[in-house]
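Undergrad:
Chains as they are written, first to last, in the working numbering: chain A, 798 to 966; chain B, 798 to 966; chain C, 798 to 966; chain D, 798 to 966.
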């Protein structure tokens with residue numbers, strides 16, 4: 798039953814990401830960008846597999862669901878003021894969109910933290926797209942979530958799969 | 798102008814806390830509880846002054862505004878599913894309400910972290926009240942926010958006021 | 798090869814913990830204390846298995862090796878001043894011993910954070926022992942590390958084993 | 798007395814940074830690099846003042862003293878194995894050097910986190926120098942500490958000086 802609940806969260810996370818314009822392939826490009834300097838043979842498949850494992854984590858689904866809900870409520874004008882203006886304008890001093898995805902990055906160790914900060918600042922690939930196509934769209938939380946998922950998936954690859962004994966089976 | 802904007806955020810945070818049933822005096826009781834073992838002469842006034850300084854921080858206001866908005870939207874049934882059920886039931890594995898107030902605790906150093914965890918687990922004073930009077934109310938984020946403000950204010954007292962040179966003037 | 802390296806780190810962590818007076822059974826008691834209220838049937842074996850999985854994580858080994866090295870160097874008077882006095886006295890405002898084990902707690906999600914804070918403050922079981930038997934021993938980092946391992950292992954149990962798909966096999 | 802103790806910590810932090818090859822001016826260059834895109838009129842003096850305020854924080858001094866001690870003990874071969882090899886080689890999966898300076902960054906809000914990650918990854922200015930001149934020197938912790946101080950000082954400038962009421966006086 799717990800497993801079925803988790804599967805629902807996983808599917809809903811994937812669905813929301815796609816609905817907001819982010820495919821697993823978009824995120825895989827970021828993972829390749831981060832990790833290929835260290836592993837020249839890294840394939841897109843391996844990146845996609847790692848992203849999938851990240852999305853199967855409950856904490857990850859919780860962060861995605863909460864962050865995207867805040868983006869959507871902001872788009873629809875349903876957040877109370879002055880929060881609405883702060884989220885819509887992605888105000889520079891608003892840091893909640895940056896702390897929430899830490900619950901994703903942290904799951905794969907502290908080495909993901911600098912990749913997360915880097916993606917967030919450099920705005921590579923899909924993150925730049927999300928940052929620019931914001932006429933009617935609010936992506937205040939989404940771009941940080943995507944950076945966090947990519948950083949987590951890259952960190953997971955860096956650590957190798959056998960970090961827990963059962964992974965070896 | 799920046800100052801006026803901050804004053805607005807400060808006042809709105811205070812107003813929201815009161816509207817949701819939390820007074821500065823409630824939080825001051827928690828600060829006394831945390832800090833008196835180390836400072837037997839600690840007064841309620843000193844605790845209130847420290848809470849006030851904490852609430853004047855922009856990051857603190859941002860966390861309060863965001864967390865309480867999520868509680869209120871959950872109460873009104875305005876969060877999308879399955880997030881709505883998760884927040885309304887304060888599901889045990891949902892950890893976003895615990896990570897968001899870290900942006901408050903962290904501002905006053907790592908020693909506040911254990912106080913925050915302690916208050917959150919032991920549910921002292923107003924935190925217990927918030928946890929029990931939940932017939933129609935959703936306080937999933939509020940109790941963690943209050944624990945964080947109290948831990949931050951206690952940590953600020955522990956560090957003393959002169960942690961920056963200008964404080965001495 | 799990577800696997801062999803990790804096994805070395807795992808064994809060294811276990812050896813160091815035992816040498817400093819902490820057995821897996823001591824930690825399992827803390828996990829039971831934290832988690833049994835939610836799972837009355839929880840066995841000591843399950844707790845030991847969870848602790849073992851936590852200790853197999855590279856980040857965990859790194860934190861244990863670093864923290865215990867600092868404790869030992871302090872005992873032997875080999876840290877430079879004024880750091881030596883600060884670590885030996887476990888000065889109340891020194892928070893590095895509290896932030897370092899976050900690299901352990903964070904791996905299992907934010908829900909472990911409050912358990913970590915709670916254990917650290919309440920000083921249950923072996924943590925209290927470490928805190929008191931300090932005539933010649935320095936356990937400034939060790940008690941926080943033990944609290945973090947227990948919080949992580951309890952959090953891992955709370956999340957269930959199948960948090961990644963391969964765990965189901 | 799507390800004030801005198803803090804002054805000692807502040808002076809020792811400055812002394813250690815200089816001894817290891819890092820001047821406040823080196824860090825100010827990083828602050829300018831981070832913050833000038835948002836404040837074209839930002840002066841080096843303002844950056845130096847902000848760095849000074851950061852270094853007056855006790856948590857910051859504690860992080861600097863601990864991190865540099867680990868670097869120096871590694872240089873002198875005084876860390877136990879296998880930690881010694883891990884720190885000397887600044888092994889890619891070792892993340893303790895990245896989590897320790899979070900106690901600096903966090904003090905000035907979450908917006909500093911991405912700047913920290915960015916500096917750490919891009920290795921700008923003095924950070925690149927520290928990263929390359931490592932024939933006999935170990936700077937595993939120092940480069941992350943410097944990135945954290947710069948990110949904190951930039952974040953402090955972004956927030957403005959009057960984030961607490963007493964700053965206005």
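For every residue, glycine included, the Cβ atom is placed at its ideal position computed from N, Cα and C.
This one's a predicted model, so the numbers in the text were calculated from it and none came from an experiment.
Is the beta carbon of residue 939/D sitting closer than 8 Å to the one on residue 927/D?
TA: On the fourth chain, position 142 is the one that residue 939/D refers to. On the fourth chain, position 130 is the one that residue 927/D refers to. Yes. Within cutoff.
Undergrad: Under 7 Å between beta-carbons, which chain B residues line up against residue 895/C? List them in chain order, please.
TA: For this step, residue 895/C is matched to residue 98 along the third chain. Result: 907, 908, 910, 911.
Undergrad: Let me see if you follow: with CB-CB separation under 8 Å, is residue 799/A close to chain C or not?
TA: Stepping through the first chain from its first residue, residue 799/A is reached at position 2. Yes, contact with chain C.
Undergrad: Compute the distance between the beta-carbons of residue 876/B and residue 866/A, then report whether it is under 8 Å.
TA: Counted from its first residue, the second chain places residue 876/B at position 79. Counted from its first residue, the first chain places residue 866/A at position 69. Going by C-beta atoms, residue 876/B is nearer than 8 Å to residue 866/A.
Undergrad: Less than 8 Å between CB atoms is the rule here; does residue 843/D satisfy it with respect to chain B?
TA: For the purposes of this step, residue 843/D is taken as residue 46 along the fourth chain, with counting starting at 1. False, the Cβ-Cβ gap to chain B never drops below 8 Å.
Undergrad: Output the residue ranges of the beta strand (DSSP E) runs that lie fully inside the segment 878-935 of chain A and measure 3 residues or longer, sorted by chain position.
TA: none
Undergrad: Taking Cβ-Cβ distances shorter than 7 Å, what residues in chain D pair up with residue 956/B?
TA: In the second chain, the residue the question calls residue 956/B occupies position 159. Those within 7 Å of residue 956/B in chain D are 855.
Undergrad: So which residues of chain A does residue 814/B contact, with C-beta pairs closer than 9 Å?
TA: Start at 1 with the first residue of the second chain, and residue 814/B comes out as number 17. Chain A residues near residue 814/B: none, gap ~14 Å exceeds 9 Å.
Undergrad: Rounded to whole angstroms, what is the Cα-Cα separation between residue 806/B and residue 896/A?
TA: Locating residue 806/B in the second chain gives position 9, counting from the first residue. Locating residue 896/A in the first chain gives position 99, counting from the first residue. Their Cα atoms are separated by approximately 19 Å.
Undergrad: Roughly how far, in whole angstroms, is the beta-carbon of residue 871/D from the beta-carbon of residue 937/D, given that I think they are within contact range, below 8 Å?
TA: Here residue 871/D is taken as the residue at index 74 of the fourth chain, counted from 1. Here residue 937/D is taken as the residue at index 140 of the fourth chain, counted from 1. Going by Cβ atoms, the distance from residue 871/D to residue 937/D rounds to 7 Å, so yes, they are a contact pair.
Undergrad: List the residues of chain C that residue 891/D touches, going by C-beta distances under 7 Å, in chain order.
TA: Numbered from 1 along the fourth chain, position 94 holds the residue referred to as residue 891/D. Here the neighbours are 859.
Undergrad: For residue 864/B, I'd like the list of residues in its chain whose CB is within less than 6 Å of its CB, leaving aside the five on either flank, ordered along the chain.
TA: As a position in the second chain, residue 864/B is number 67, starting the count at 1. Once the five neighbours on either side are set aside, the close Cβ partners of residue 864/B are 897, 938, 942.
Undergrad: Any beta-carbon of chain D closer than 8 Å to the one on residue 900/B?
TA: Counting from 1 along the second chain, the entry for residue 900/B is found at position 103. Chain D, which has a Cβ nearer than 8 Å to the Cβ of residue 900/B, makes this yes.
Undergrad: Assuming the contact rule is C-beta atoms closer than 8 Å, residue 854/B and residue 811/B should be a hit. Round their C-beta distance to whole Å, please.
TA: By one-based count along the second chain, residue 854/B stands at place 57. By one-based count along the second chain, residue 811/B stands at place 14. 13 Å between Cβ atoms; not a contact.
Undergrad: If we count Cβ pairs, one from each stretch, closer than 8 Å, do we get three or more for the segment 874-891 of chain C versus the segment 948-958 of chain C?
TA: no
Undergrad: Would you say residue 946/D and residue 884/D are within 8 Å of each other, going by their C-beta atoms?
TA: As a working mapping, residue 946/D is identified with position 149 in the fourth chain. As a working mapping, residue 884/D is identified with position 87 in the fourth chain. Contact: no.
Undergrad: Helix or strand or just coil, what does DSSP make of residue 868/A?
TA: Indexing the first chain from 1 puts residue 868/A at position 71. The answer is helix: DSSP assigns residue 868/A an H, G or I state.
Undergrad: Quick one: grab the DSSP three-state call for residue 830/D.
TA: Residue numbering aside, residue 830/D sits at position 33 when the fourth chain is read from its first letter. Helix.
Undergrad: Relative to chain A, which residues along the segment 917-940 of chain D have a C-beta separation below 8 Å, given in chain order?
TA: Within the segment 917-940 of chain D, the residues whose Cβ lies closer than 8 Å to some Cβ of chain A are 917, 918, 919, listed in chain order.
Undergrad: Using 8 Å as the limit for Cβ to Cβ distance, is residue 864/C near chain B?
TA: The count along the third chain starts at 1 and reaches residue 864/C at position 67. False, the Cβ-Cβ gap to chain B never drops below 8 Å.
Undergrad: I'd like to know if residue 904/A contacts chain C, where contact means its C-beta is closer than 8 Å to some C-beta of that chain.
TA: Taking the first chain and counting its residues from 1, the one referred to as residue 904/A is at position 107. Residue-level contact check: residue 904/A touches chain C, since one or more beta carbons of chain C fall below 8 Å from its beta carbon.
Undergrad: Does DSSP classify residue 849/A as helix, strand or coil?
TA: Sequence index remark: in the first chain, residue 849/A carries index 52 (1-based). DSSP places residue 849/A in helix when its eight states are reduced to three.
Undergrad: Could you check if residue 906/B is buried or exposed, using at least 16 other CB atoms within 10 Å of its CB as the buried criterion?
TA: One-based indexing of the second chain puts residue 906/B at position 109. Its Cβ being crowded by 16 or more others within 10 Å, residue 906/B is buried.
Undergrad: Would you tell me roughly how many angstroms separate the C-alpha atoms of residue 823/C and residue 817/C, rounded to the nearest one?
TA: Stepping through the third chain from its first residue, residue 823/C is reached at position 26. Stepping through the third chain from its first residue, residue 817/C is reached at position 20. So the alpha carbons of these two residues sit roughly 12 Å apart.
Undergrad: Alpha carbon to alpha carbon, how far is residue 912/C from residue 924/B? Give it in angstroms, no decimals.
TA: The residue you call residue 924/B lines up with position 127 of the second chain. The residue you call residue 912/C lines up with position 115 of the third chain. Per the coordinates, the alpha-carbon of residue 924/B lies some 16 Å from the alpha-carbon of residue 912/C.
Undergrad: What does residue 875/A touch in chain B if you count any residue whose Cβ is under 9 Å from its own?
TA: Stepping through the first chain from its first residue, residue 875/A is reached at position 78. Result: 870, 875.
Undergrad: Expressed to the nearest angstrom, what Euclidean distance is found between the alpha-carbon atoms of residue 837/B and residue 944/C?
TA: As a working mapping, residue 837/B is identified with position 40 in the second chain. As a working mapping, residue 944/C is identified with position 147 in the third chain. For residue 837/B and residue 944/C, the gap between their C-alpha atoms comes out near 28 Å.
Undergrad: Taking 7 Å as the cut-off, is the CB of residue 834/D close to at least one heavy atom of the ligand ATP?
TA: This structure lacks the ligand ATP, and indeed carries no ligand of any kind.
Undergrad: Given a threshold of 16 other Cβ atoms within 10 Å of its Cβ, counted over all protein chains shown, does residue 900/B qualify as buried or as exposed?
TA: Locating residue 900/B in the second chain gives position 103, where the first residue counts as 1. The residue in question, residue 900/B, is buried, as its Cβ has 16 or more Cβ neighbours within 10 Å.
Undergrad: Rounding to the nearest angstrom, what Cα-Cα distance links residue 841/D and residue 873/C in this structure?
TA: Within the fourth chain, the letter at position 44 stands for residue 841/D. Within the third chain, the letter at position 76 stands for residue 873/C. Spanning the two alpha carbons is a distance of roughly 43 Å.
Undergrad: Return the chain-ordered list of same chain residues with a C-beta closer than 7 Å to the C-beta of residue 848/D, the five sequence neighbours on each side being excluded.
TA: Looking up residue 848/D in the fourth chain gives position 51. These residues qualify, in order along the chain: 821, 824, 825, 828, 946, 950.
Undergrad: Is residue 807/B helix, strand or coil by DSSP?
TA: Against the second chain, residue 807/B aligns to sequence position 10. Here residue 807/B sits in helix by DSSP.
Undergrad: To the nearest angstrom, report how far apart residue 760/A and residue 830/A are at their CA atoms.
TA: Here chain A has residues from 798 to 966 only, and residue 760/A is not among them.
Undergrad: Between the C-alpha atoms of residue 801/A and residue 844/C, what's the straight-line distance to the nearest angstrom?
TA: For the purposes of this step, residue 801/A is taken as the residue at position 4 of the first chain. For the purposes of this step, residue 844/C is taken as the residue at position 47 of the third chain. Between residue 801/A and residue 844/C, the C-alpha separation is close to 25 Å.
Undergrad: Using a Cβ-Cβ cutoff of less than 6 Å, which residues in the same chain neighbour residue 832/B once the five nearest sequence positions on both sides are dropped?
TA: Taking the second chain and counting its residues from 1, the one referred to as residue 832/B is at position 35. Within the same chain, and ignoring the five residues on either side of residue 832/B in sequence, the residues whose Cβ sits closer than 6 Å to its Cβ are 839, 951, 954.
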